[in-house]
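Residue numbers (my numbering): 165 to 516. Notes to accompany the following structure.
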Amino acid sequence: SLPERIGGVRNWDYRICWLRDATFTLYSLMSAGYSEEARDWTQWLLRAVAGDPSQLQILYGIAGERRLPEIELDWLPGYEGSRPVRVGNAASRQLQLDVYGEVMDALHLARTVGLAPTEAGWALQRALMGYLEKIWEEPDEGIWEVRGPRRHFTHSKVMAWVAFDRAVKAVEQFGLNGPADRWRSVRDRIHASVCREGFDAASGAFVQFYGSKEVDASLLMLPLVGFLPATDPRILGTVRAIEQSLIRDGFVARYSTHSAIDGLPPGEGAFLACSFWLADNYALQGRHPEAIALFDHLSGLANDVGLLSEEYDPVARRLVGNFPQAFTHVSLINTALNLTAPRGPAEQRKEQ
């Protein structure tokens, strides 16, 4: 892919399918009424996560490859002098707890729109829950695939909560067989943990990881997945903190790279999906003029054929990072639906 910062080291091999991105794509297909495509994507997702849950990877090669060792090609100069050039992606071996929540959420939404997975699919989901029950209290690398130490990332814990919440609702709403009482107990423990350890009372905001004072754009997902209402004072405080510390030149940064939390030198473009998530929060809070203005600002960045990249450099005024980026495009679609449909993807997810 193109570098996240011209001349920098944040250069990654994106010839890969992330489970997280796959689930976001599935939300878009289902919400937009593309049932046949959504059914095919659901079947792909079930095949991707099949097998021993402990062997689940957060990403796979485009032909289903599991072994994706990361190699630096030192003899190549890189795009506009951005080195190193990498082949493969070491994130394939990371622990990212949020993918369990993304998978469970996507498959639950599939059931609600009539794309019910098979009995074998539910057995697979139960196996995933059994494994997640053992590991949800562990630190991980999180949604941003940090190259630094593992942390108890707040977003990761929230998505673990989502996994157990959707498992409980699968039993309650569809009569599927499963230990709902135990899952409900774990769900409540995770919720209490996040509200206790992932919230900073002094700032009135949720934080990037337990014990941190920093915010993170992934926290914008909390109301979108139904963890707390968008109008809860803690969510309002979190959005306010993100507006104050992560918005630069009208765009939302993922987090402060100057803290070296990700184990890399500071500096990258604004992650476009995060700005769409902020627009989603505005919509859920009833701040529709601000949501529409932000959406128009972001969609106006597309090139002459309507494509967007992973990030945007507001200083150089150019698209940077992976191009084109599915994660950005599905975020655009979801936000457009949130702003125009009676019950957009955000409403559907938080009300499941």
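Positions of the beta carbon are idealized from the N, C-alpha and C atoms, including for glycine. Model, not experiment: these values are computed from the prediction.
query: Beta bridge counterpart(s) of L483 as assigned by DSSP; result: Y476
query: Assigned exposure category for S423 - 16 Cβ within 10 Å defines buried; result: exposed
query: DSSP three-state assignment for G172, whether helix, strand or coil; result: coil
query: Extent of the continuous alpha helix (DSSP H) run through L465; result: Note, L465: premise wrong, no alpha helix (DSSP H); not H, not E.
query: Contact under 9 Å by Cβ, F487 with L465; result: no
query: Per DSSP, the bridge partner or partners of L223; result: W182
query: Nearest-angstrom beta carbon gap, F415 and P343 [assumed within contact, 8 Å]; result: Not really, about 44 Å apart at Cβ, beyond 8 Å.
query: Residues sharing a beta bridge with I411, DSSP; result: V416
query: Minimum C-alpha distance to Y178 - residue among L193, S256 and Q408; result: S256
query: Cut-off 7 Å between Cβ atoms - residues of its own chain near L220, not counting five sequence neighbours on either side; result: V213
query: Straight-line Cα distance separating V326 from V389; result: 7 Å
query: CB contact flag (A381, C438, <9 Å); result: yes
query: Reduced DSSP secondary structure (H/G/I, E/B, other) of I235; result: strand
query: Residue of L209, D304 and D329 minimising C-alpha distance to A280; result: L209
query: V213, DSSP secondary structure in three states; result: coil
query: Pair within 9 Å by beta-carbon distance, L190 and L273; result: yes
query: Separation of E432 from E454, as counted between CA atoms; result: 25 Å
query: Endpoints, the alpha helix (DSSP H) within which D377 is located; result: Note on residue identity: the sequence assigns Lys, not Asp, to residue 377. K377 -> no alpha helix (DSSP H), and no H or E assigned at all.
query: Cβ separation of V522 and N445, assumed to be a contact under 8 Å, to the nearest whole Å; result: Nothing about residue 522 can be reported from this structure: the residues present for the chain run from 165 to 516 only.
query: Three or more C-beta pairs below 8 Å linking the segment 231 to 245 and the segment 258 to 277; result: no
query: Same chain only: Cβ atoms within 7 Å of A324, ignoring 5 sequence neighbours per side; result: L261, Y264, G265, L296, W300 and I354
query: Neighbourhood of P217 by C-beta, 6 Å cutoff - its chain only, sequence neighbours within 5 removed; result: A291, L292 and Y295
query: N498 versus S192: straight-line alpha-carbon distance, rounded; result: 6 Å
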